[in-house]
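Accompanying notes for the structure given below.
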Amino acid sequence: MTSKTDKDVDVEVLVIGAGVVGIYALHRAIEAGFTALTLEAGDDVGGVWYWNRYPAARFDSESYTYGYLFSKELFADWKWEEEFATQPEIERYLNHVVDRFDLRRHIRTGQRVVSAVWNEEATSWDIATAAGETFRARWVISATGGLSVPHYPEIDGLEDFRGEGHHTGAWPREPLDFAGKRVAIIGNGPSGAQILPVISEIAAQVDLYQRTPTWTTPLNNAPLTDEKHAWLSENFEQIVQTLTSPANPTGFMHPPAGRFSTDDTPEERQAFYEQIWKAPGFGKLTSNYYDMTTNREANLEFCAFLANKVRSIVADPVTAERLIPTDHLFGAKRPPFIADYYESFNKPNVSLVSLRETPFVRVDATGIQTTEGHRDYDIIVYATGFDFGTGALTRMGVVGRDGLDLSTDWEDGPSDFAGFTAHRLPNFFFPGGPHGAGGGNYPRYSQDQVDWIATTLIHAREQGFDRFEPTAEHEAAWMTMVETLAPLSIFSAEHSHYYGANVQGKPRKFLLNPGGRPKLHEMLGELTETPDYGGAFAPVHEKAGV
Ligand code: NAP
């Protein structure tokens with residue numbers, strides 16, 4: 001390796017993370033002819049689909065809309081087993097992609113990045129891993145994900161528990177044996193709600209500890225038939241166009257309702273809600289009435305419909321009422337789409353603990369103490385979510401231009417341009433980061449971002465630029481958009497992880513892109529109107545006042 005004081009680098013593009021986004025970023029970099037390397041903290045590829053290997057983990061976006069769209073052959077050859085694939089199949093798919101496109105030799109696993117420091121003299125980044133390795137790269141693509149730092153509940157005594165305790169986001173590779181065990185699940189977001197129906201089939205006792213009820217609706221999964229596979233292959237181009245069109249705000253293929261709630265009579269609306277109840281996955285949001293998320297009366301009526309569904313499924317009326325949300329409308333928090341969730345509460349070995357009525361006192365060696373009493377457990381499942389959006393980026397020792405320390409700079413909330421670049425972080429991209437995705441299908445958002453990064457790096461090479469940094473004005477314009485549109489976002493409940501509310505001490509700042517894919521494309525399009533991207537390719541640090 002050459003001296004670290006000159007302009008030479010070990011690789012042109014260094015990708016951090018080998019999840020859905022990192023694999024795609026690596027592929028695009030290699031395909032474009034850059035030298036590239038991926039550092040992955042885990043022992044294998046897969047990212048969120050490697051770590052969240054808990055029983056019943058699966059997509060709730062349709063498999064073929066979540067997978068990669070860059071290769072027609074890949075799309076046609078990988079025959080997803082179900083509309084909503086399970087974690088083992090997803091992990092197999094991601095490994096298949098890595099091998100098929102010969103990416104594995106560019107990936108180093110077991111390499112957790114602990115420091116990433118901008119080197120002004122070398123116009124590059126100096127990266128160090130926990131294993132003591134160092135790398136220098138011209139460009140860094142930090143595909144570290146928004147859901148990669150598990151959040152554990154703040155309950156006294158967690159470390160005293162002598163049974164097994166596992167977070168859904170850091171699940172062990174060896175399968176856990178739940179047969180005959182007493183199990184506590186803390187949390188009823190998509191992870192907790194997915195795991196309950198499956199564990200309760202085999203465990204002796206399962207208690208779900210719920211703080212806030214969610215509007216959980218059925219996933220409505222189905223096997224993918226040969227006919228559907230043939231249809232998908234034949235319609236690849238059209239599917240890609242639908243999913244990636246900048247006008248598609250969610251990146252799904254669900255048919256729109258085509259009308260407002262006020263276009264129908266009350267009877268027609270009830271019939272429509274029955275139809276929506278049977279819609280697959282996010283179709284309950286994206287195929288619902290146009291005004292479902294903007295018209296409070298319409299949403300309240302749909303909530304009343306859902307509440308009656310809960311009452312009709314759950315045999316015990318007290319449990320049913322505890323499961324019905326009273327603090328947020330449908331869609332205001334990210335709703336789980338799960339088969340047999342409410343039905344699980346009719347099993348004799350399942351009970352619901354309402355933490356609003358009987359809060360935690362502590363965890364001890366044998367189980368959990370609430371104000372209601374003590375229960376013994378063999379296993380505690382922490383389905384308590386993640387330090388969403390900023391968790392990984394602020395723990396990676398990122399220091400940008402002029403000593404900008406990301407962990408302190410973002411103490412009051414992240415500030416960025418387009419959700420994946422930031423002023424004073426030259427040559428550093430973080431697709432899938434805060435303000436990156438809006439409500440919808442994550443890989444479609446991150447594909448937009450990675451495609452843009454790849455095009456930008458190719459443009460830089462062609463134009464002879466070796467430095468990219470959005471200006472303070474670019475960042476301010478994006479952040480104004482975020483702050484202006486956040487109250488209008490569908491995920492507007494301020495007590496959700498999309499506002500950082502689940503992590504004690506985290507600032508309550510909106511962490512999604514409330515303008516969605518249309519705004520992302522609009523603002524990136526404006527940036528690329530000039531060859532120097534509105535000054536982003538100039539060495540902005542030399543300009544007075546920045
Ligand atoms: P989550 O949505 O953040 O839910 C965490 C749950 O833990 C909530 O019920 C929360 O209650 C509870 N909780 C947190 N801290 C607690 C505490 N101190 N005491 C008691 N309860 C506590 O996390 P998640 O379920 O892991 O889902 C996170 C994201 O992952 C989702 O938004 C989704 O994007 C993704 N995901 C997707 C799928 C899928 O189907 N593809 C499956 C799983 C996850 P409160 O609501 O009161 O805060």
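Note that UniProt numbering has the sequence shown beginning at 1, numbered continuously upward.
Quick reminder that beta carbons are idealized off the backbone N, C-alpha and C, glycines included.
Computed from a prediction, not measured in an experiment: that's the story for all the values here.
Excluding five sequence neighbours on each side, which residues of the same chain lie with their C-beta closer than 7 Å to the C-beta of residue i?
i: Val-149; result: Phe-386, Asp-387, Gly-391, Ala-392 and Arg-395
i: Met-1; result: Caution is warranted here: a pLDDT of 40 is assigned to Met-1, below 50, making its placement in the model unreliable, and no coordinate value can be reported.
i: Ile-195; result: Tyr-54, Pro-55, Ala-56, Thr-168, Ile-185, Val-381 and Ala-383
i: Tyr-50; result: Gly-42, Asp-44 and Glu-91
i: Val-286; result: As written in the sequence, residue 286 is Thr, which differs from the Val given in the question. Cβ neighbours of Thr-286 beyond the five flanking positions: Thr-250, Phe-252 and His-254.
i: Arg-100; result: Leu-74
i: Pro-246; result: Arg-517, Pro-518 and His-521
i: Phe-260; result: Tyr-289, Tyr-290 and Asp-291
i: Thr-528; result: none
i: Pro-223; result: Glu-81 and Glu-82
i: Gly-545; result: Model confidence at Gly-545 stands at a pLDDT of 40, short of 50, so the residue's coordinates are unreliable and nothing is read from them.
i: Lys-181; result: Ala-203, Ala-204, Asp-378 and Ile-379
i: Gly-110; result: Asp-43 and Ala-131
May I ask you to list the residues that DSSP assigns as paired with residue i?
i: Phe-135; result: Ile-127
i: Ile-16; result: Leu-39 and Ser-142
i: Thr-370; result: Phe-360 and Gly-373
i: Val-318; result: None; Val-318 has no bridge partner.
i: Ala-116; result: Ile-127 and Val-398
i: Val-11; result: Ala-137
i: Ser-191; result: Answer by DSSP bridge pairing: none, since Ser-191 is not bridged.
i: Gly-165; result: Ile-380
i: Ile-186; result: Tyr-209 and Tyr-382
i: Leu-354; result: One point to set straight first is that residue 354 is Ser, not Leu, in the sequence displayed. Ser-354 pairs with Gln-210.
i: Pro-223; result: Glu-82
i: Pro-150; result: Phe-386
Please check the pair residue i and residue j, which I expect to be a contact at CB under 8 Å, by giving their CB distance rounded to whole angstroms.
i: Thr-214; j: Lys-347; result: Their Cβ separation, rounded to whole angstroms, is 19 Å, which puts Thr-214 and Lys-347 out of contact at 8 Å.
i: Pro-359; j: Thr-366; result: Actually they do not touch by this definition, with Cβ atoms about 19 Å apart.
i: Ile-16; j: Val-113; result: 5 Å
i: Asn-441; j: Ser-61; result: 5 Å
i: Glu-120; j: Pro-280; result: Actually they are not in contact, since the Cβ atoms of Glu-120 and Pro-280 sit about 51 Å apart, beyond 8 Å.
i: Asn-349; j: Gln-447; result: Contact doesn't hold; Cβ gap of about 43 Å is too wide.
i: Arg-467; j: Thr-123; result: 6 Å
i: Val-363; j: Phe-161; result: 5 Å
Whose C-beta lies closer than 8 Å to the C-beta of residue i among residues of the same chain, with five residues either side of it excluded?
i: Phe-272; result: Ala-257, Asp-264 and Tyr-289
i: residue 549; result: Nothing can be reported for residue 549, as the shown portion of the chain is limited to 1 through 546.
i: residue 558; result: Nothing can be reported for residue 558: it is not among the residues displayed for the chain, which extend from 1 to 546.
i: Val-482; result: His-435, Phe-510, Asn-513, Pro-514 and Gly-515
i: Leu-355; result: Tyr-209, Gln-210, Arg-211 and Thr-370
To which residues of the same chain is residue i closer than 6 Å at the C-beta, ignoring the five residues directly before and after it?
i: Lys-506; result: Gly-500
i: Gly-535; result: Thr-471
i: Val-13; result: Ala-29, Phe-34, Ala-36 and Trp-139
i: Glu-164; result: Ile-379
i: Val-398; result: Ala-116 and Leu-406
i: Asn-314; result: Before going further, note that residue 314 is Val rather than Asn in the sequence given. These residues qualify, in order along the chain: Ala-320, Tyr-342 and Phe-345.
i: Phe-417; result: Pro-470, His-474, Glu-475 and Trp-478
i: Glu-542; result: A caution first: Glu-542 carries a pLDDT of 46, below 50, which makes its placement in the model too unreliable to give a value.
i: Tyr-533; result: Leu-527
Is residue i near the ligand NAP, judged by its Cβ being under 7 Å from some heavy atom?
i: Tyr-499; result: no
i: Ser-191; result: yes
i: Gln-87; result: no
i: Gln-194; result: yes
i: Asp-60; result: yes
i: Phe-386; result: yes
i: Pro-280; result: no
i: Glu-154; result: yes
i: Ser-334; result: Position check: residue 334 holds Arg in this sequence, whereas Ser was assumed. Checking the Cβ of Arg-334 against the ligand NAP gives yes.
i: Tyr-64; result: no
i: Leu-94; result: no
i: Thr-168; result: yes
i: Asn-220; result: no
i: Tyr-209; result: yes
i: Ala-184; result: no
i: Asn-188; result: yes
i: Ala-437; result: no
i: Thr-326; result: no
i: Ala-257; result: no
i: Thr-530; result: no
i: Thr-212; result: yes
i: Ala-383; result: yes
i: Leu-355; result: yes
i: Asn-502; result: yes
i: Leu-527; result: no
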